[in-house]
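K.L.:
The structure is given below, and queries will be raised subsequently.
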Amino acid sequence: MQEAWKSRETFASVLLTLYLDRFGVEALDWDPATITLEVEEEFDVELPQLSLDKLLVAIQILTSDRFFKNLPDFISFCNVLGGDTYRPDMWDPADAEEVAWGITEALLISPPDDSDPEPFTDEIRAYIGAVLDSEGIINAPDILRIALRAARVSPNIADFSDDPTMFNAVYDLEAGKTEDINQSIRLKTDLLVKQLTALDLQNGNTKYVVELLQNSASS
5 MQEAWKSRET FASVLLTLYL DRFGVEALDW DPATITLEVE EEFDVELPQL
55 SLDKLLVAIQ ILTSDRFFKN LPDFISFCNV LGGDTYRPDM WDPADAEEVA
105 WGITEALLIS PPDDSDPEPF TDEIRAYIGA VLDSEGIINA PDILRIALRA
155 ARVSPNIADF SDDPTMFNAV YDLEAGKTED INQSIRLKTD LLVKQLTALD
205 LQNGNTKYVV ELLQNSASS
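According to our numbering, the sequence shown is numbered sequentially starting from 5.
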């Protein structure tokens, strides 16, 4: 399982699954230094910073509501889940694709409670809406339909409201952005299933998680 920890392509939820299988739920309370020491000793690997960041974010999503309730954390966590190292000293707004995947993986790690149909704050939903608007995405990708948006028509399209030909061309271009993100999420979900299936676990199996992902991808 060394490669899972070394690869930049390994998803946070895969690392969390492997971590909990080897160390148990008590390891959720360990500090980063202890986590690094234990993982490196158990798996005989030098833990890359990105893998540590992904694991720490996954633990926070599992054990707290920071991803769902705190906008700065939401943005930072989406960046890490999308493959960037954690840089709290830098402002790095998460783009639409990073947000879409971040939400997808976070909901897998910590499914919302039935008593809380909308786990995200209005501030986070408004941020998602602002990102969609800034990228000229008219119809939100499936996972981002929770967005709160000030305008129903993209400014880019509104510029060509008097020119039907240009209006349709811009509309088709921006609609393509939505499908590109939806397709990216489907491909990443397929890869996540493959990574989970390949795990050699000692104390459990990934059958339930894989079935959940496959059902989500086909819906």
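Beta carbons: idealized from backbone N, C-alpha and C, even for Gly. Predicted, not measured: the structure shown is a model, and the values here were computed from it.
Quick check: the Cα distance between Ile63 and Arg26, rounded to an integer number of angstroms?
P.N.:
15 Å
K.L.:
Can you tell me the Cα-Cα spacing of Cys82 and Asp99, whole angstroms?
P.N.:
9 Å
K.L.:
Could you check where the alpha helix (DSSP H) with Thr21 kicks off and where it finishes?
P.N.:
16-27
K.L.:
Here's the rule I'm using: 16 or more other beta-carbon atoms within 10 Å means buried, otherwise exposed. How should Pro145 be labelled?
P.N.:
buried
K.L.:
CA-CA distance, Tyr90 and Pro115?
P.N.:
23 Å
K.L.:
Give me the Cα-Cα distance between Thr182 and Glu46, rounded to the nearest whole angstrom.
P.N.:
42 Å
K.L.:
Could you give the first and the last residue of the continuous alpha helix (DSSP H) run that contains Gln6?
P.N.:
6-10
K.L.:
By the three-class DSSP mapping on this structure, what secondary structure does Gly106 have?
P.N.:
helix
K.L.:
Taking the straight line between their C-alpha atoms, what separation do you get for Ala31 and Ala130?
P.N.:
Straight through space, the alpha carbons of Ala130 and Ala31 are spaced by roughly 35 Å.
K.L.:
Between Ser188 and Glu101, what straight-line distance do the alpha-carbon atoms span, to the nearest angstrom?
P.N.:
8 Å
K.L.:
Can the beta-carbon of Ser17 be found less than 7 Å from the beta-carbon of Glu127?
P.N.:
Against a cut-off of 7 Å, the Cβ pair of Glu127 and Ser17 comes out as no contact.
K.L.:
Let me confirm a value: Leu191 is counted as buried when at least 16 other C-beta atoms fall within 10 Å, else exposed. Which label applies?
P.N.:
exposed
K.L.:
I need the DSSP call for Ala202, collapsed to helix, strand or coil.
P.N.:
helix
K.L.:
Just how far apart, CA to CA, sit Pro97 and Ala202?
P.N.:
33 Å
K.L.:
Taking 7 Å as the threshold (C-beta atoms), are Val49 and Trp9 in contact?
P.N.:
yes
K.L.:
Could you give the C-beta distance for Lys73 and Thr40, rounded to a whole number, given that I count them as a contact under 8 Å?
P.N.:
Not confirmed; about 28 Å, so no contact.
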